[in-house]
Amino acid sequence: DWKVPVLLASAQEGNGVKEVWETICEFRAKMAENGGLREKRRRQGKYWTEKFLRDMVARRLEEDEGIKERKERIDRALEDGTITPRMAAERLMEEVF
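Numbering (the working numbering), first residue to last: 395 to 491.
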């Protein structure tokens, strides 16, 4: 278990920097030893994959003219109150994918 230490340091004055670096190295070694680093990398990989996917889908929705037209039609139905936001999202997903 890692207890986060409180360290004082000043790069400008040159105080405590070595101790901070040593603590960082200790933490990294501990994380590597107990599998925490691997787990963190796994979670980060999953997060970034999902983020890139969301960004690519959003970009496609913004850039594809055919999709834009269908989205505008769906937006009008949403504004008219003939469909709910959830229905609008489902229809757009159906039309895109």
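For every residue, glycine included, the Cβ atom is placed at its ideal position computed from N, Cα and C.
Nearest candidate by alpha-carbon position, reference Asp395, set Arg470, Arg437 and Asn428: Here the question's residue 395 lines up with position 1 in the sequence shown. Selection Arg470, Arg437 and Asn428 evaluated against Asp395 yields Asn428 as nearest (Cα-Cα).
Quick check: Ala482 and Ile468, are their CB atoms within less than 8 Å of each other? Mapped onto the sequence shown, residue 482 falls at position 88. Mapped onto the sequence shown, residue 468 falls at position 74. For Ala482 and Ile468, yes; Cβs fall inside 8 Å.
Can you list the alpha helix (DSSP H) stretches of 4 or more residues lying completely in the segment 402–487, in chain order? 411–428, 430–457 and 459–474
Would you report the Cα separation of Ile477 and Lys465, rounded to the nearest angstrom? For the purposes of this step, residue 477 is identified with residue 83 of the sequence shown, where counting begins at 1. For the purposes of this step, residue 465 is identified with residue 71 of the sequence shown, where counting begins at 1. Rounded to whole angstroms, Ile477 to Lys465 spans 13 Å at the Cα level.
Taking DSSP as the reference, what is the three-state secondary structure of Asp490? Residue mapping note: residue 490 aligns to position 96 of the sequence shown, counting from 1. In the sequence as presented, Asp is not what sits at residue 490; that position holds Val. Three-state DSSP puts Val490 in a helix.
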